[in-house]
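Enquirer: Following this message is one structure expressed as structure tokens.
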């Protein structure tokens, strides 16, 4: 279980759905950022 999943589960158990939603958004934004970075690095590698 990732840190985000643990935090989301804890927020849900504490009855904090807004916090759980914010944590999910952060996780999704981080994943999207990782994908963008990978695409940029791939472009650079192909151009080299």
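Residue numbers (my numbering): 30 to 77. Glycine included, each C-beta is placed from N, C-alpha and C at the ideal position. Computed from a predicted model, the values in this text were never measured in an experiment.
Which word fits residue 52, buried or exposed, when buried means at least 16 other C-beta atoms lie within 10 angstroms of its C-beta?
Expert: As a position in the chain shown, residue 52 is number 23, starting the count at 1. Per the 10 Å Cβ criterion, buried.
Enquirer: Is it the case that the Cβ atoms of residue 48 and residue 40 are separated by a distance below 7 Å?
Expert: Within the chain shown, numbered from 1, the residue matching residue 48 stands at position 19. Within the chain shown, numbered from 1, the residue matching residue 40 stands at position 11. Result yes, Cβ atoms of residue 48 and residue 40 sit closer than 7 Å.
Enquirer: If you follow the alpha helix (DSSP H) that residue 66 is part of, which residue opens it and which one closes it?
Expert: To locate residue 66, count along the chain shown from 1; it is residue 37. Start and end: 46-76.
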